[in-house]
Each structure stands twice: as C-alpha cells, then as structure tokens.
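Asker: Have a look at this one before I ask anything.
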Amino acid sequence: MHATIQKPIEEIAGWFRSGEKVFVVGCDNCAAKCRSGGIPETEEMAKRLKKRGVNAFAWCVPQPKGTSLCKLSNTKKVLQEEYGEQTKEADSFLVLSCGQGIHTVMDATEGKVVHPGCDTIFGGETVSDDFITEYCSLCGECVVEYTGGLCPVTLCAKSLLNGPCGGAKDGKCEVDRTRDCGWQLIYDRLKSLGRLDQVKEYKEPKRNSRWSRPRSLALAEGSTTFRSLAGEHTVASTD
Amino acid sequence: MSKLKQALDSGKFVVTGEIGPPKGVNIAKCLEDAESLRDRVVAVNVTDLQSAVMRIGSMAVCARLVQRGLEPVYQLTCRDRNRLALQSDLLSAWALGIENVLCLTGDHPNLGDHAEAKPVYDLDSVQLLQAASTLNGGHDMAGHELEGNPDFFLGGVVTPGAEPQELHIIKMRKKVAAGARFFQSQAVYEPEKFEQFMNRIQGLEVPVMAGIVVLKSAAMARYMNANVAGISVPESLIEEMAATPKEERRQKAVEISARLIRQVKPLCQGVHIMPLGWDDLVPEIIKEAELD
Chain A
5 MHATIQKPIE
15 EIAGWFRSGE
25 KVFVVGCDNC
35 AAKCRSGGIP
45 ETEEMAKRLK
55 KRGVNAFAWC
65 VPQPKGTSLC
75 KLSNTKKVLQ
85 EEYGEQTKEA
95 DSFLVLSCGQ
105 GIHTVMDATE
115 GKVVHPGCDT
125 IFGGETVSDD
135 FITEYCSLCG
145 ECVVEYTGGL
155 CPVTLCAKSL
165 LNGPCGGAKD
175 GKCEVDRTRD
185 CGWQLIYDRL
195 KSLGRLDQVK
205 EYKEPKRNSR
215 WSRPRSLALA
225 EGSTTFRSLA
235 GEHTVASTD
Chain B
551 MSKLKQALDS
561 GKFVVTGEIG
571 PPKGVNIAKC
581 LEDAESLRDR
591 VVAVNVTDLQ
601 SAVMRIGSMA
611 VCARLVQRGL
621 EPVYQLTCRD
631 RNRLALQSDL
641 LSAWALGIEN
651 VLCLTGDHPN
661 LGDHAEAKPV
671 YDLDSVQLLQ
681 AASTLNGGHD
691 MAGHELEGNP
701 DFFLGGVVTP
711 GAEPQELHII
721 KMRKKVAAGA
731 RFFQSQAVYE
741 PEKFEQFMNR
751 IQGLEVPVMA
761 GIVVLKSAAM
771 ARYMNANVAG
781 ISVPESLIEE
791 MAATPKEERR
801 QKAVEISARL
811 IRQVKPLCQG
821 VHIMPLGWDD
831 LVPEIIKEAE
841 LD
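Following this line, the structure appears as structure tokens:
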C-alpha cells in the first residue's frame, strides 16, 4: 500500500485562486486505510476548506468500496459519468491520495488542474488498523532471499548489503536509538532459521538503473515487461 | 611504495596516528598536529568529514601531508559519493601521491551538521574495497581498462566490541576477501575482550591495529559509553580519570594510553592512536609505552 498523510490544512487552503471551484476527490483504498482520503476525511476536507473561504463545492470518493483511485478506468467513469456535471464545473481537483492517484485524476479529467492534498510517504504493510510501517523500498531488485525476508535496503538506514556498520548500539540504529538496527533483525532471524551462512557471500552493488524513475510495467498475454533504465525486462508467467 | 605496508609486512609493531581536518580552509593547526606525529608514527590517518560534519576534505589534507613528506592514510567513506565519485576520487588520490586508503561506511548524515543531506551509500564498505581492488587491477567497476592503474594499500575498520560480533566478523572476512590488507579498530579499552576478539579471528592473517582513543576526561568516557557503539570504558578507568585533578589529566591520559598499548601489544600487529587534538601527547605516549 502507498502510505499517505494529509498536508497541513493551512498549506492546502493557501493554494486556491479567488473563486476557484474545487472538487475534492479521495481514494477508497490506501488513502482510506491511512485515514487521509477515505469518505469521512474527504467530506471533512471539503467542509474545512469551505470554513476557510474556499469554494469546495463538491466531493467524492470513487466507489465501489475499496477501489483504488489510481485505477484509471474506474476513476474516469465515476468523474465523467456519475459526477460529470461537477467535473465539468470544477476549476481544479484537490486529491486526497498518493501521487499516483493525483496523476490518475489528471488523466481522468483530460488534464484539469490538480492539487496534492497529501504527502506520499512510503510503501508499507498495514500491520493493524492503526499502524502502517515500511518494509520495502520498491528498489526493483529484491534481495530478501539472502536476508531472511527482511530488506536491508529498507531496514538499514544506510541500505548496506554486506552487513552492519559499526554504529548500532544495543541493537538500535545510530540514526535513531529507538529504532532497531536492520542488520540486528536480519541476524536474529537468520540465526533462528539456521541460515546465517546466507550472508557470508559477497553481495554486489545494486543496479540502480532498475531503481530509475519513471518506470513502467506492460502486461501481455502470458508475459509481463518491466521497463526501466536497465532496459526492458520481460518475464513469462507460465512455462 | 607504502611505508605502512612495508612496516606491517616486516612484522614490526606499527603505530599510526590520526588528524581531523577543520571546518574551513585554515589547515595550519591540523598540519601542526600531523607534524607532532612525524617520526613517531608510520602513517597519519586523515578523517573524511568525521561525524558527518562538513569540513575540508581528507584528500586535500592528505596531499598536503604528502608534500611535507608525511605518509597519509586517506579515509574514504561511502556516505557522500556514488561509485563514479568514489572511483574518481581514488584515482585522484593516487595522482596526488596517496597510497594508503581506509575504506569506511561513514556516519549517517543525520548525525552531522547537514542533517537534510541525501545519504548516498551507493556502495557499502565491502563493495568500496572491492572497487578499489578492481582499480588496483587495472579496471574500473564497469570493467573498462584504466590508462595506468593505482596500487593502493587498502584497509578496513573493525569494531571489536560491536554486537552481534559473529556478524561483524563475517563482514570483516568479506572485507579481507574484497582486498583489505590491514585493519584499524574502533577504540579498545578492555584488553581482555580485545584478546577474545583476536582469538575469534585467528587465521585471518591480516594485521589488526588496535584503536587507542586518548581518554581526556571521565565525562568523555561516560559520553562514549552512552553514545558510541562498540566502546565500553570500564568503570575503573572512569574512576581513575575522575580522581585526577584537571591539571594532571593530560599526564593521566598519557599513562592510560601507554598502559593500554602495552596490554594490547602482544595481541595484535600495531596500534592506531586517535589523539583527538591532543596530538602533542603522542610522542610521550609512545615513549611511555616503550615503543620507541
């Protein structure tokens, strides 16, 4: 999931031009789980903006329930058909979702002005209804086979691939003594699995070209192609 | 040829020192610190933006040491440079007469005075050693041939007291495989624990120089115990320092450092003295440790 947090309301309220008609749009998947752009937050945002003199004349969170705003076909259908009049009337859209959703609204409205209502902060695991945390950096080249399923790129503040730095103290990271050292976690897990030998092998530097942006994924019958600065990488889904 | 390499190869007990470049261009004091180490140490480490604080660079100060006939150990961290810059800086360093390189991860920028800097860590310290070895072999990391290759004497860092020790030793072995030919350690204050560590790495056959950080006060010891990973100053040493009047602390610092050196001498191949500005004490420390 893409974790998001709303930008401060005063910052958002400061963006709109005089008389600008603003349509507030949320996302019923990730942003709803982050409580940054679900139905209650989107309705509330419209009210808060009105209170501050912004003409937030409409709001919606494209349904059906649980649908991601970044699914362009659905967002387009909802904004162009169900909310066709409001979409036409709107000067701009305040989008309460991750950056992908913000772009989706632009695509779904033939390029209307969009404003980001949230900061997209990381890709995370929804550990509980109240807690989301980051275990993956979306680097394009997964290494957790060798580290017991725990990602050193993400869990180590320095993204070290060949073992810990000398900075951890009592199992806590030098950057934040309340945070576990990623390599301590990896060590503990590999020890408990009896697989510590897996980290003895030298790990080559990452291929950052696979981490280059923007990247894309093209889906075809039986195969998928990932495109990055590393080139096109096609994988078949069957033998 | 690197005198440090020659000294370690000869099997002599080797002493190195360390200076920290300042924030600014006035390097007179730091060169003076290095001067006080002349003929007392084989080589002088020059730190690379120590504690992630922006300063004049290690390479420039190393080059000035070379000009003065002092042999530097160029400390190079992975924090601020990607693989292009690391390799290029290594070639530049060689062109300036620098032969010894200590490859480190580097403190995180968040701990320093430019907390919003982007941490690079494109390579880790093992990969940096591998890259430097590859340059020594006449190629860059991408496999392209060099027009003239360096011949660096490469070193790594180890923290004998760091936990989990088993994992740190695995990494140390990887550093050796990647080309580390000497190690300088984090500060050692407990010779018994250092002995256990050295026993655990028997067979590694790469010289280890024990780190001696000159203890300036009881407060400094307590600070290190609370904040610095892998350092544990025993209470007895803290009490010894605390019971010393301020005007006698420099002498006490000499006494403690020399005692530690005598204790670790049978266990390792040298000591790396980090005087943290009290460089003028190094000759006395060496004398009292009976190393001269």
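Line by line, the protein sequences are chains A and B.
Each residue of the first sequence is one higher than the one before, counting from 5 in the numbering used here.
Each residue of the second sequence is one higher than the one before, counting from 551 in the numbering used here.
Glycine is no exception: its CB is placed at the ideal position from the N, C-alpha and C atoms.
Apart from the five residues just before and just after A:Y150, which ones in its own chain have a Cβ nearer than 6 angstroms to its Cβ?
Answerer: So the list reads Q202, once near-sequence residues are dropped.
Asker: B:P714 touches chain A at which residues, Cβ-Cβ below 7 angstroms?
Answerer: Neighbours of B:P714 on chain A, chain order: Q188 and Y191.
Asker: Should B:N777 be labelled buried (16 or more other beta-carbon atoms within 10 Å of its own) or exposed?
Answerer: Classification of B:N777: exposed, given that the 10 Å Cβ count is below 16.
Asker: Can you look up A:K54 in the DSSP assignment and give me helix, strand or coil?
Answerer: Helix.
Asker: Would you report the Cα separation of B:V651 and A:R39, rounded to the nearest angstrom?
Answerer: Whole-angstrom Cα-Cα distance: 51 angstroms.
Asker: Could you list which residues in chain B have their beta carbon closer than 7 angstroms to that of A:S163, in chain order?
Answerer: Residues of chain B passing the Cβ test: Y671.
Asker: Are B:P757 and B:F732 close, meaning C-beta to C-beta below 8 angstroms?
Answerer: Yes, they are a contact pair.
Asker: Give a yes or no on whether the minimum CB-CB distance between A:E86 and chain B is below 8 angstroms.
Answerer: No, A:E86 lies away from the interface with chain B (no Cβ there is under 8 angstroms from its Cβ).
Asker: Our contact map puts A:A234 next to A:R217 with C-beta atoms below 8 angstroms; I'd like the distance itself, whole angstroms only.
Answerer: Actually they are not in contact, since the Cβ atoms of A:A234 and A:R217 sit about 12 angstroms apart, beyond 8 angstroms.
Asker: Could you name the residues that DSSP lists as bridge partners for B:V564?
Answerer: Answer by DSSP bridge pairing, in chain order: B:G820.
Asker: Using a beta-carbon distance below 8 angstroms, is A:K81 in contact with chain B?
Answerer: No - not a single Cβ of chain B is within 8 angstroms of the one on A:K81.
Asker: Only counting the same chain, and skipping five residues up and downstream in sequence, which positions put a Cβ closer than 6 angstroms to that of A:F126?
Answerer: Excluding positions up to five away in sequence, the list reads A7 and E138.
Asker: Please list, in chain order, all residues of the same chain as B:L831 whose beta carbon is under 7 angstroms from its beta carbon, the five residues on each side excluded.
Answerer: Cβ neighbours of B:L831 beyond the five flanking positions: V764, R800, A803, V804 and P825.
Asker: Please name the residue in B:D663, B:L636 and B:E649 whose C-alpha comes closest to that of B:T655.
Answerer: B:T655 has its Cα closest to that of B:L636, out of B:D663, B:L636 and B:E649.
Asker: Using alpha carbons as the reference points, say which of A:T238, A:H107 and A:R183 lies closest to A:T228.
Answerer: Taking only the C-alpha atoms, the option nearest A:T228 is A:T238.
Asker: Please check the pair B:V814 and B:F744, which I expect to be a contact at CB under 8 angstroms, by giving their CB distance rounded to whole angstroms.
Answerer: Contact holds; Cβ gap of about 6 angstroms.
Asker: Put A:L223 into one of helix, strand or coil per three-state DSSP.
Answerer: A:L223: strand per DSSP, three-state reduction.
Asker: Going by other Cβ atoms of all chains shown within 10 Å of its Cβ, with 16 needed for buried, is B:V609 buried or exposed?
Answerer: Checking the sequence, you will find Met at residue 609 of chain B rather than Val. Result: buried.
Asker: Would you call A:C146 buried or exposed, if buried means 16 or more other Cβ atoms sit within 10 Å of its Cβ?
Answerer: Exposed, since its Cβ has fewer than 16 Cβ neighbours within 10 Å.
Asker: List the residues of chain B whose Cβ lies closer than 8 angstroms to the Cβ of A:E178, in chain order.
Answerer: What A:E178 touches in chain B: D657, H658, L661 and A779.
Asker: With respect to the alpha helix (DSSP H) encompassing B:A768, which residues constitute its N-terminal and C-terminal limits?
Answerer: Here the alpha helix (DSSP H) through B:A768 covers A768 to N777.
Asker: In terms of alpha-carbon separation, which member of B:A793, B:P795, B:L620 and B:A771 lies closest to B:P784?
Answerer: Comparing Cα-Cα distances from B:P784 to each of B:A793, B:P795, B:L620 and B:A771, the minimum goes to B:A771.
Asker: Within the chosen definition, does the segment 594-614 of chain B reach the segment 623-640 of chain B through at least 3 CB pairs nearer than 8 angstroms?
Answerer: At 8 angstroms Cβ cutoff, the stretches touch.
Asker: Which residue's Cα is closest to the Cα of B:A792: B:A768, B:A808 and B:I781?
Answerer: Nearest C-alpha to B:A792: B:A768.
Asker: Using the beta-carbon of each residue, which ones in chain A are nearer than 9 angstroms to B:K668?
Answerer: Those do not exist, as B:K668 stays about 12 angstroms from chain A at its closest Cβ, beyond 9 angstroms.
Asker: Closer than 7 angstroms, Cβ to any Cβ of chain B: which residues of the segment 193-211 of chain A, in chain order?
Answerer: The segment 193-211 of chain A vs chain B, Cβ under 7 angstroms: V203, K204, Y206 and P209.
Asker: Please classify A:G20 as buried or exposed, where buried requires at least 16 other C-beta atoms within 10 Å of its C-beta.
Answerer: Position check: residue 20 of chain A holds Phe in this sequence, whereas Gly was assumed. A:F20 is buried by the Cβ-count criterion.
Asker: Give a yes or no on contact between the segment 25-41 of chain A and the segment 90-107 of chain A, applying the rule of three or more CB pairs nearer than 8 angstroms.
Answerer: In short, these stretches touch, since the Cβ pair count reaches three.
Asker: Distance, Cα to Cα, B:D829 vs B:L634?
Answerer: Taking the straight line joining both Cα atoms gives about 35 angstroms.
Asker: So, is the C-beta of A:P218 closer than 8 angstroms to a C-beta in chain B?
Answerer: With 8 angstroms as the cut-off, A:P218 does not count as an interface residue toward chain B.
Asker: Taking the alpha-carbon positions, what's the B:A737 to A:I16 distance?
Answerer: Whole-angstrom Cα-Cα distance: 51 angstroms.
Asker: Quick one: does B:L717 have its CB under 8 angstroms from some CB of chain A?
Answerer: Answer yes: the Cβ-Cβ gap between B:L717 and chain A drops below 8 angstroms somewhere.
Asker: To the nearest angstrom, how far is the alpha carbon of B:D583 from that of A:L142?
Answerer: If you take the alpha carbons of B:D583 and A:L142, they lie about 47 angstroms apart.
Asker: In whole angstroms, give me the CA-to-CA distance for B:E740 and A:S196.
Answerer: Rounded to whole angstroms, B:E740 to A:S196 spans 30 angstroms at the Cα level.
Asker: Pull up the distance between the alpha-carbon of B:V564 and that of B:G693, whole angstroms please.
Answerer: Answer to the nearest angstrom: the Cα atoms are 36 angstroms apart.
Asker: For A:K173, return the contacting residues in chain B, with the cut-off set at a CB-CB distance below 7 angstroms.
Answerer: Those are A779, listed as they occur along chain B.
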